[in-house]
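Taking it in order: structure first as structure tokens, then the write-up.
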């Protein structure tokens, strides 16, 4: 694996991790959205 391939794989892994974290965060907020709309 060349240095460029290694760098791209690290960047892709980081983006996948951030995407998963963001998706789980929005999913959790969607599940708890009823708390925000209570009068």
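Residue numbers (my numbering): 746 to 784.
Note that beta-carbon positions come from the ideal geometry of N, C-alpha and C, so glycine has one too.
Residue range of the alpha helix (DSSP H) that includes residue i
| i | result |
| --- | --- |
| residue 767 | 748-776 |
Rounded separation between residue i and residue j - CA only
| i | j | result |
| --- | --- | --- |
| residue 760 | residue 774 | 21 Å |
| residue 753 | residue 766 | 20 Å |
| residue 751 | residue 764 | 20 Å |
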